[in-house]
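Input: a single structure, listed below in structure tokens.
Laid out in structure tokens, this is it:
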């Protein structure tokens, strides 16, 4: 599959960031590292979505916003769309990506369950940041069932 | 030609207000403040089925004797308000629209500065330059 | 029911922005972590080095460039092929030293600094120092030890951004990774 070269640069940068954040933390601070990566992603998501929606018409509702994340946002960032979007219509959305770009770099070894969360924190943050800037507060988590497929669960926080 | 340009956060507090040099800055602040109600009204009055009415540019919010107040709301719920002098009669809607687009572009560039914390007052030099240019041109 | 997608953003541009924004978030984080410009410069160079070491493989595979005969050819490859490929800009190669072992890359619009306005009091920060590390790392993999540093930076008000590369020595003994 042809991949544009600047995408490679971004992936290598992401690997370095994950490495840096974990280097300067103790073994028992793993949660802290995940939170830090997530907050970096959050800030990037905030900025990206401001740019991506400049030419869009105004979003109708929450579902409209979610479809934007699955299609336009995903396509812009990962060059593909989400493969499956499900919702329970009570504020939980599950986005499935059958071939998540950040996981395709990790080898298929058994240790992947340990490694995967590190590489999913930043993407989760990006989703949460994009949604927050669009006025939707949420908690985003990711789960890997079989590499490199990944499910992102978005839980809308209503006040 | 604009006499006042304002950026209002999604929580409805001002992030940035610039007016032409005047003794009566407060008057503009007040006008911007009252215009927010009209913005809210315009956004919520749009029926959910009318696709064509979902443009970011909201058009003329209301005219006063001396001024015309225009509004724009981004998908991220940030509001832009531009006040023009009413004496400027040959003003076309498209010109106002393109001013807002320029402002939106400058705002999103500003937001992308990694050293800016979203929600803080806007102090960016390049953003201010864009605004000042809008207040100077003829 | 489906949204009318507006003009889809140019994916190439978007990926550049994604990189630029992510890099910015990293630099801001480093400044918070260290509060010391020199240490931030060091960290950025280190990360850049690691990226360069990996990136050279990608570069050689993708660009089909032949082996460079001299440092001048190397300079051209860096500016016209590598920078163009990964950052979308082509710096001007200039200011050669008399001995031909030192040159400058003049960058008009450094994509890493799009959107950036440096906060006050960071005169020693080399915001784009990742580039120095990346060049060093990549060159080492092709048996060249070079010194890379910023001498001018538009971010700090200079007219141009200038990277200075100095050839130190050829690394004859090193066995490159993945080669027998």
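Protein chains in written order, with the working numbering: chain A, 132 to 290; chain B, 116 to 253; chain C, 1087 to 1266.
Cβ coordinates follow ideal geometry from the N, Cα and C atoms, glycine included.
Could you check whether the Cβ of residue 256 of chain A sits closer than 7 Å to any heavy atom belonging to the ligand GDP? Of the ligands one can find in the structure shown there are none, so the ligand GDP has no counterpart to examine.
Please tell me whether residue 1177 of chain C has its Cβ less than 8 Å away from any Cβ of chain B. no
For residue 213 of chain B, count the other beta carbons within 10 Å of its own beta carbon; 16 or more makes it buried, fewer makes it exposed. Which is it? exposed
Within 8 Å (strictly less), CB to CB, does residue 131 of chain B reach chain C? no
Chain-order list of residues whose beta-carbon lies under 8 Å from that of residue 179 of chain B (same chain, five-residue window excluded): 146 and 201
Straight-line Cα distance separating residue 261 of chain A from residue 287 of chain A: 13 Å
So what's residue 144 of chain B in DSSP terms, helix, strand or just coil? helix
Could you check which residue in A/250, A/139 and A/257 has the C-alpha nearest to that of residue 1147 of chain C? Nearest in C-alpha terms to residue 1147 of chain C, of all of A/250, A/139 and A/257, is A/139.
I want to see whether chain B comes within less than 8 Å of residue 1113 of chain C, judged by CB atoms only; does it? At least one CB atom of chain B sits nearer than 8 Å to the CB of residue 1113 of chain C.
Could you pull the start and end residues of the alpha helix (DSSP H) that residue 176 of chain A belongs to? If you look at residue 176 of chain A, you'll find it in the alpha helix (DSSP H) that goes 161 to 183.
DSSP has residue 134 of chain B in a bridge; who is on the other side? Under DSSP, residue 134 of chain B takes part in a beta bridge, and its partners are B/119.
So what does DSSP say about residue 1155 of chain C, is it helix, strand or coil? coil
In the DSSP assignment, find the alpha helix (DSSP H) that holds residue 192 of chain A and state where it starts and stops. No alpha helix (DSSP H) contains residue 192 of chain A, which DSSP labels as neither H nor E.
Separation of residue 1240 of chain C from residue 247 of chain B, as counted between CA atoms: C-alpha of residue 247 of chain B to C-alpha of residue 1240 of chain C: approximately 23 Å in a straight line.
Cα-Cα separation, residue 1091 of chain C to residue 255 of chain A: Only weak support is given to the placement of residue 1091 of chain C: the predicted model assigns it a pLDDT of 44, under 50, and the value that follows is read from those uncertain coordinates. Residue 1091 of chain C and residue 255 of chain A: Cα-Cα distance of roughly 23 Å.
Looking at chain B, is there any beta carbon in it that lies within less than 8 Å of the beta carbon of residue 1202 of chain C? yes
Could you work out which residue in B/174, B/237 and B/138 is closest to residue 215 of chain B when comparing CA atoms only? Closest in C-alpha terms to residue 215 of chain B, from the list B/174, B/237 and B/138, comes B/174.
Continuous beta strand (DSSP E) stretch holding residue 186 of chain B: start and end: 182 to 188
Selection of the segment 213 to 239 of chain B by Cβ proximity to chain C, strictly under 7 Å: 224, 227, 228, 229, 230 and 239
Since residue 182 of chain A meets chain B, which of its residues come closer than 8 Å, beta carbon to beta carbon? 223 and 227
Compute the Euclidean distance between the alpha carbons of residue 284 of chain A and residue 1113 of chain C, then round it to the nearest angstrom. 29 Å
Kindly list the residues whose CB is nearer than 6 Å to the CB of residue 173 of chain A, restricted to its own chain and excluding five residues on each side of it in sequence; keep chain order. 256, 259 and 260
Burial state of residue 143 of chain A (16 or more Cβ within 10 Å): Burial call: buried.
Any C-beta of chain B sitting closer than 8 Å to the C-beta of residue 207 of chain A? For residue 207 of chain A, the answer is no, since every Cβ of chain B falls outside 8 Å of its Cβ.
Report buried or exposed for residue 281 of chain A, applying the criterion of at least 16 other Cβ atoms within 10 angstroms of its Cβ. buried
Please list the partners that residue 264 of chain A has in chain B, where partner means a Cβ-to-Cβ separation under 8 Å. Residues of chain B passing the Cβ test: 191 and 233.
When we look at the beta-carbon of residue 1165 of chain C and count the other beta-carbons within 10 Å, is it buried (16 or more) or exposed? With 16 or more other Cβ atoms within 10 Å, it is buried.
Given residue 118 of chain B as reference, the closest of B/242, B/197, B/158 and B/190 once Cα atoms are compared: If we check each option's Cα against that of residue 118 of chain B, B/197 comes out closest.
Once you ignore the five residues that flank residue 169 of chain A on each side, which residues in its own chain have a CB closer than 8 Å to its CB? 252, 253, 255, 256 and 259
Run down chain E in chain order and give the residues with a C-beta less than 7 Å from the C-beta of residue 147 of chain A. This model lacks chain E altogether; the protein chains it does include are A, B and C.
Rounded to the nearest angstrom, how far is the Cβ of residue 1251 of chain C from that of residue 1191 of chain C, given a contact under 8 Å? 7 Å
Identify whether residue 155 of chain A lies in helix, strand or coil by the three-state DSSP scheme. coil
Counterpart residues of residue 274 of chain A in DSSP-defined beta bridges: A/282
If you draw a straight line from the C-alpha of residue 129 of chain B to the C-alpha of residue 176 of chain B, how long is it? 18 Å
7 Å CB neighbourhood of residue 1123 of chain C in its chain, flanking five on each side removed: Excluding positions up to five away in sequence, the list reads 1208, 1210 and 1211.
Within-8 Å CB hit, residue 170 of chain B to chain A: yes
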